[in-house]
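Structure first, then comments.
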Amino acid sequence: MAFIRAFGSYVPARVVANAELAERLGCDAEWILNVSGISERRYAGDAESVADMGVRAAQDCLSRASGGQIGMVIVSSGSSERRFPGPAAEIAAKLGLAGVPAIDLPMASAGSLFGLAMAGHFAGSFGPVLLVAAEKMSATVSLDKNTAILFGDGAGACLVDPNEGAAELVQWCLHSDGNFTDALRLDFGQDLNMDGGTVIMHAARKVPAVIRELLDRTRQSAPAIGTFLMHQANQNLIVKIARTLEVAPEKFFSNIGRYGNTSSASMLIAAAEWSAQSGFRRGEPVVFAGFGAGFHWGSLLAIGS
Amino acid sequence: MTTQERILTVVRKVAQKPLPTDPEESLFESGVLDSFALPDMVSELEKEFAIKVPDSDLNPRKFDSLARINSYIEANAA
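Which chain is which? The protein sequence lines are B and G, in order. At position 72 of the first sequence (counting the first as 1) the number is 63 in the working numbering, and the numbers step up by one without a gap. Remember, the working numbering sits 177 above the position in the second sequence when you count from 1.
Take a look at the structure:
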């Protein structure tokens, strides 16, 4: 058993609205909104690193939890500045957690979903696990309008405890298929490369399927789920997934309009905002889901305690 | 109905504009379909022709024109 104690988030101060991006990319601001549901996103400063943002989100998360030891740190990021070491040990050290095992999960998009499942697994042996997802996606795109319009920077965090918390992590379903490695990738020294049509085709099919797999396994039904907290990839995709599941799109918490797609950070940033606005209720099921580069995808059920 | 007529019926269901007269014309470049309509079209084709499009075929290029859709259905439908 493991429980979610708290979420946290951080987004950089600089707001990049569609109008600014449209001018730079030679496209129309309204077009950006129509194809993505995104109005603005945040960009980190040149000197602000993935680890810097991760530390800020972790501090926000820990300030919402009431103290206690940390037994492990897991950090997901697909946009880390270095080949190695990844940001996990650096984030841990800056939090005063030097000596605590810190694991990098170099997984974009679905990284926080996989990290949450791993945290749920490891919490029983290591004690409370601090999961952080941090991304500087603005550094991975330049003038390709099909990708540059989508991404923003930010970080999210979640503290998973073996004994107590606001919700119990009940079950998760995780999948990977490396046959589609080339469809979405970030090669060294290159811009992010995305075959958007292929990604959407797979996400539109795999995410509803993995949510149904989770619901079947836990004997839950889609209409009974209180809230769906998804990787914020594209508002149109979120709505499509809701309709496929025959669930009102309003049940899918969304903040992509303000932050864009912050890759693996997005699900935890969304969870932190949702938690501040409403949060877990006793006995109410909440489904987390993610899909992205790899392809990796999955779903996770938490029930308010 | 012929296979071609059945395909036209399916594509019209999800199309955002009138279909092109040239069967080789790209349905995406001509704005008939966008990335989000494509998964719907594939699902409708699966229903109409009682086929299952495997993951390995979930590639927009296989369904980029009426001609390509026709080829796919002819190769895969019983």
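Glycine is no exception: its CB is placed at the ideal position from the N, C-alpha and C atoms.
When 9 Å is used as the limit between beta carbons, Asp168 (chain B) is near these residues of chain G: Asp232, in chain order. Shown here, Met221 (chain B) sits in a strand according to DSSP, grouped into three states.
Sequence-ordered contacts of the stretch 181 to 210 of chain B with chain G read Gly187, Gly188, Thr189, Ile191, Met192, His193, Ala195 and Arg196 [C-beta pairs closer than 7 Å].
Boundaries of the alpha helix (DSSP H) harbouring Met44 (chain B): Val41 to Arg55, taken from the DSSP string. Note that the C-beta distance between Gly283 (chain B) and Ala125 (chain B) is not below 8 Å.
Contact between Leu53 (chain B) and Gly111 (chain B) fails: their C-beta atoms lie close to 18 Å from each other, not under 8 Å. Ranked by Cα distance from Lys127 (chain B), the first of B:Ile232, B:Arg249, B:Thr253 and B:Phe271 is B:Thr253. The C-alpha of Asp19 (chain B) is placed about 8 Å away from the C-alpha of Ala10 (chain B). Look at Asn184 (chain B) here: in three-state DSSP terms it is strand. At a Cβ-Cβ threshold of 8 Å, Leu122 (chain B) and Cys149 (chain B) count as neighbours. For Asn227 (chain B), the C-beta contacts it makes with chain G under 8 Å involve Phe213, in order along the chain. Under a criterion of Cβ atoms nearer than 9 Å, the residues of chain G adjacent to Lys231 (chain B) are, in order, Phe213, Pro216 and Asp217.
Your pair Gly77 (chain B) and Pro97 (chain B) checks out as a contact, with CB atoms roughly 6 Å apart and the cut at 8 Å. With fewer than three CB-CB distances shorter than 8 Å, the stretch 197 to 208 of chain G does not count as touching the stretch 252 to 267 of chain B. In the DSSP assignment, Arg(-4) (chain B) falls outside any alpha helix (DSSP H) and within the unbroken beta strand (DSSP E) covering Phe(-6) to Tyr1.
Ala214 (chain G) places its beta carbon 8 Å or farther from that of Gln181 (chain G). Taking a beta-carbon distance threshold of 8 Å, Pro237 (chain G) counts as an interface residue toward chain B. Under the criterion of beta carbons closer than 8 Å, Tyr250 (chain B) and Gly145 (chain B) qualify as touching, at roughly 6 Å. Residue state for Phe179 (chain B) is assigned as coil, using DSSP reduced to three classes. Inclusion of Glu221 (chain G) and Val191 (chain G) in the CB contact set at 8 Å is warranted, their separation being smaller than that value. Setting aside the 5 residues that flank it on each side, Ser133 (chain B) is surrounded in the same chain by Ala139 and Asp182, each with a C-beta closer than 7 Å to its C-beta; the list follows chain order. Secondary structure of Ala227 (chain G) (DSSP, three-state): coil. Beta bridge pairing from DSSP links Cys149 (chain B) with B:Phe(-2) and B:Leu122. Under the three-state reduction of DSSP output, Glu11 (chain B) falls in the helix class. Taking 8 Å as the cut-off, the Cβ atoms of Leu291 (chain B) and Leu104 (chain B) count as close. In the three-state scheme derived from DSSP, where H, G and I count as helix and E and B as strand, Gln181 (chain G) is classed as helix. Bridge partners of Lys127 (chain B) according to DSSP: B:Asp144.
Judged by DSSP in its simplified three-state form, Ile232 (chain B) adopts helix. Residue burial is scored here from C-beta neighbours: Met178 (chain G) has fewer than 16 other C-beta atoms within 10 angstroms and is therefore classed as exposed. In this structure, the alpha-carbon of Gly106 (chain B) lies about 43 Å from that of Asn247 (chain G).
Distance from the CA atom of Ile82 (chain B) to the CA atom of Ala49 (chain B), rounded to whole angstroms, is 9 Å.
Secondary structure note for Gly295 (chain B): it is in no alpha helix (DSSP H), and the uninterrupted beta strand (DSSP E) holding it is His287 to Gly295. Shown here, Ala280 (chain B) sits in a strand according to DSSP, grouped into three states.
When B:Ser269, B:Leu220, B:Glu275 and B:Gly295 are compared, the shortest CA-CA separation from Gly281 (chain B) is found for B:Leu220. With fewer than 16 other Cβ atoms from the protein chains shown falling within 10 Å of its own Cβ, Gly169 (chain B) counts as exposed.
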